[in-house]
Amino acid sequence: SLYVSEYFSQSAQKLSFYSWYGNAKLFHFRVPEDTVLLRWLLQASRGKGPECTSMEITVHFRHGAPPVINPLGTRFPANATVRPSYNISITLGSAVQNTTFVNVTTPAAGDWFIAAHLPQAAGRIEVKGFSTPCPYMFQADMFVLRLTDMPVLEPGVPTPHTVVSPAKPLHVKVFVPKHAAGMQFQLRSCLTSDQKACAVRVVLGSITLPQSFQKILTCTGSANCSLALDSPPWEKWLQIMVESLGTANASVSVEMLASFTVCRPGSASSFLNFISLNQSQAGARPGTTGAAGSSAQAAGEAPHNTSGQRSSCLQNQPVVREDLDVVSVRYRLLNGPSVPVNSLSPTLLLLNLNTGMDSGGSLVVSLLLNKTSVGLANATVVGCVSAASPVLSLNATRNCSTAFSQGYPLSVSTSSAEAVLIVLYPQTDDWFLSLQLLCPKGQGECPTAEAKVTVFAYLTPCFSDCGPYGQCSLLRRHGYLYAACSCKAGWGGWSCTDDTKAQSIRAQNLATFLLTLSNLMFLPAIAVAVYRYYLVEASVYTYTMFFSTFYHACDQPGIAVMCIMDYDTLQYCDFLGSVVSIWVTILCMARVKKILKYVLFILGTLLIAMSLQLDRRGVWNMMGPCLFALVIMIAAWVHHGTKRRHCYPSSWKRWVFYLLPGITLAFTAISVYAFMETNENYYYTHSIWHVLVACSVAFLLPPRDKHKKPWAWSKKLTCRYQICQNDREELYAVT
């Protein structure tokens with residue numbers, strides 16, 4: 001046999017501490033057909049700075065879809081199917097780099113996914129630029145060993161093969177046809193070259209993580225051994241590996257035979273279904289002929305009146321896949337949403353999820369039983385949702401297992417007429433929904449009974465759109481798209497349905513009131529600015545107060561939220577107003593000439609707007625204008641002091657009662673903003689930031705110019721008459 005090795009690599013990604021699925025870094029690989037060995041090369045590294053400590057990295061593996069993980073131990077939504085992912089831990093201790101190998105023999109072909117993340121996030125809100133986080137990098141490479149000329153086992157034809165040695169197992173494959181209900185594998189005529197007792201081990205199927213359903217058959221002696229498989233995967237190659245358990249130098253010759261039992265489906269005519277589809281899409285168009293209507297009616301009645309269906313082992317119901325958006329699909333039954341279900345043979349619906357872009361959402365299947373349609377009161381309709389092949393033995397077992405996979409059960413009855421199943425990140429494959437009516441005392445009790453079950457099936461990016469306390473985010477890794485929920489207000493879980501740490505409605509309202517009403521502390525600063533004739537500065541403070549109030553009102557989750565415009569616009573205006581307020585306040589304290597001050601106002605505002613568009617959360621967007629304005633202020637104060645030959649400002653009262661309290665409030669506000677905010681205390685620490693900044697502005701604004709008189713409201717608002725002063729200068733002629 002000829003083996004070919006192939007190597008696949010992806011760029012390294014910087015790991016993040018885990019708080020939601022978006023923090024996990026995803027790697028997507030595709031394993032080719034006839035692969036007999038898969039080796040992952042996992043490389044983890046960290047920085048060398050003092051902020052870098054020992055860290056444990058968790059790596060998850062899954063075949064067919066991204067792994068479903070739960071590092072925080074939260075609850076999943078009701079009716080969701082959850083199977084734990086296969087994961088390993090990589091520790092970065094004193095060494096700055098760690099290399100780990102993971103081997104998988106006879107892996108399943110198709111999509112494989114790796115997700116890596118750091119431990120749970122601490123919850124502290126870090127200002128970008130104030131601290132340098134330690135970089136933890138992770139890279140996954142894939143090596144595959146592929147057999148180029150794997151022998152094919154023809155169904156029904158005995159084929160002799162030889163296992164050369166225990167170190168070189170034999171690999172063959174057989175193609176499973178569509179509608180295969182069962183497979184019978186036989187190994188016979190086992191002989192060894194050294195005339196000793198024959199001992200071989202046969203492994204059927206491929207490894208799929210997190211769960212593997214390989215079938216192992218051990219054969220000893222010359223007697224024939226066989227294995228029967230129910231519901232093998234349709235239209236797929238099935239790998240078979242034969243290993244010799246004998247001595248190292250002895251070869252083993254065997255004869256293998258694979259045979260299939262095919263189930264004959266019964267369904268309505270495809271031509272009539274096509275006419276029904278065309279008419280349902282056209283609707284009630286003018287000029288529709290009566291012949292088309294009668295044809296559509298015949299298509300709808302075909303499943304009920306065709307006698308051949310009763311003699312078939314399954315009943316196919318035609319399903320149309322309707323793509324709505326990215327990771328959004330709706331399945332529509334051509335014969336209407338109600339499906340007839342009997343006790344003689346299962347009813348089968350095909351849900352196509354094999355495009356390669358459907359595994360990043362949630363598959364939702366809902367069953368609703370029409371209670372009046374069941375002939376027997378105690379009868380139950382059981383269903384199984386499975387991938388690769390349908391479950392065809394619902395009347396004998398209810399565990400929904402096929403040859404190499406485990407399905408998901410559903411059931412409806414007159415006492416419980418509705419059932420919902422949610423499959424998180426369904427693997428890329430053909431999915432099947434099998435339905436059958438089960439009688440309480442046996443199949444012969446209700447041969448003529450028929451139940452009507454309404455089926456709703458769809459693929460959605462996030463189940464229930466993450467609820468009122470979450471946001472559905474569409475994530476991307478290269479060309480692959482997948483969705484995840486980001487939760488707020490203490491809610492958690494896959495779909496933000498875990499209320500273990502959720503904030504109460506009262507706490508949400510309190511948070512909203514604190515974050516919005518704390519901006520009213522800008523009113524004293526606005527009043528002081530207006531009183532001292534700083535009208536431009538007062539306008540900036542009013543702008544900041546308005547947009548900060550409504551931005552935080554829109555930023556709240558759940559019911560305590562109000563958005564007067566787009567969220568992104570409110571956030572940008574809030575950040576812009578905050579930085580410009582600091583800019584104009586410091587320039588006002590500099591007491592430069594008016595023309596220069598207003599030029600700096602406009603120029604600085606334009607530059608701040610540009611920098612915020614580049615990076616809103618960068619620390620230098622705030623610190624840069626502040627430092628530059630402080631340099632201008634200090635230079636102006638030094639110039640004034642040199643010109644007057646004494647300290648500027650000259651009044652000790654100005655320093656003690658205004659400047660020092662204002663500077664103290666400003667530095668306290670910066671400390672709270674940069675070092676004390678966390679996700680839990682955000683609503684009151686950020687409210688303190690609002691109060692301290694607004695109060696510091698009121699203290700730091702300089703007094704008005706001496707040549708300007710205060711607002712004389714008593715003289716401005718007079719009645720009936722007004723005392724006027726004649727300021728004209730009289731000219732006297734001197735003779």
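Numbered by the UniProt record's numbering, the letters in the sequence shown go through residues 1 to 735 in order. Glycine included, every Cβ here is placed at the ideal spot set by N, Cα and C.
Report the partner residues of residue i according to the DSSP bridge assignment.
| i | result |
| --- | --- |
| residue 98 | 44 |
| residue 13 | 138 |
| residue 180 | 262 |
| residue 56 | 91 |
| residue 63 | 112 |
| residue 384 | 409, 434 |
| residue 117 | 58 |
For residue i, which of the options has the nearest alpha-carbon?
| i | options | result |
| --- | --- | --- |
| residue 93 | 590, 55, 118 | 55 |
| residue 145 | 66, 38, 228 | 38 |
| residue 335 | 143, 319, 266 | 319 |
| residue 391 | 509, 232, 413 | 232 |
| residue 43 | 57, 51, 121 | 57 |
| residue 485 | 24, 659, 5 | 24 |
| residue 16 | 688, 136, 455 | 136 |
| residue 693 | 682, 704, 664 | 664 |
| residue 614 | 342, 576, 325 | 576 |
| residue 738 | 474, 548, 586, 313 | Since the displayed the chain opens at 1 and closes at 735, residue 738 lies outside it and no answer follows. |
| residue 426 | 406, 654, 199 | 406 |
| residue 53 | 119, 608, 186 | 119 |
| residue 187 | 568, 534, 199 | 199 |
| residue 573 | 590, 556, 610, 117 | 610 |
| residue 263 | 440, 389, 40, 371 | 389 |
| residue 630 | 590, 49, 620 | 590 |
| residue 209 | 67, 224, 259 | 67 |
| residue 45 | 100, 84, 80 | 100 |
| residue 474 | 544, 402, 362 | 362 |
| residue 77 | 241, 510, 467, 155 | 467 |
| residue 360 | 463, 331, 440 | 463 |
| residue 257 | 249, 333, 175, 236 | 175 |
| residue 344 | 371, 419, 185, 266 | 266 |
Would the beta-carbon of residue i fall within 7 angstroms of that of residue j?
| i | j | result |
| --- | --- | --- |
| residue 60 | residue 87 | yes |
| residue 112 | residue 172 | no |
| residue 124 | residue 678 | yes |
| residue 159 | residue 4 | no |
| residue 191 | residue 341 | no |
| residue 601 | residue 584 | yes |
| residue 701 | residue 528 | yes |
| residue 459 | residue 417 | no |
| residue 641 | residue 699 | no |
| residue 403 | residue 230 | yes |
| residue 364 | residue 412 | no |
Applying the 10 Å Cβ sphere with the 16-neighbour rule, what's the burial state of residue i?
| i | result |
| --- | --- |
| residue 734 | Reliability fails at residue 734, whose pLDDT of 43 lies under 50, so the model's placement of it is uncertain and the value that follows must be treated cautiously. Classification of residue 734: exposed, given that the 10 Å Cβ count is below 16. |
| residue 415 | exposed |
| residue 294 | For residue 294, the predicted structure reports a pLDDT of 32, less than 50, and the residue's modelled location is therefore unreliable. The matter cannot be settled from this model. |
| residue 500 | exposed |
| residue 281 | Model confidence at residue 281 stands at a pLDDT of 46, short of 50, so the residue's coordinates are unreliable and nothing is read from them. |
| residue 400 | buried |
| residue 337 | exposed |
| residue 494 | buried |
| residue 96 | exposed |
| residue 241 | buried |
| residue 647 | exposed |
Would you identify the three-state DSSP class for residue i, choosing helix, strand or coil?
| i | result |
| --- | --- |
| residue 593 | coil |
| residue 427 | coil |
| residue 510 | helix |
| residue 452 | strand |
| residue 111 | strand |
| residue 78 | coil |
| residue 214 | coil |
| residue 634 | helix |
| residue 616 | coil |
| residue 241 | strand |
| residue 552 | helix |
| residue 578 | helix |
| residue 662 | helix |
| residue 478 | coil |
| residue 492 | strand |
| residue 470 | strand |
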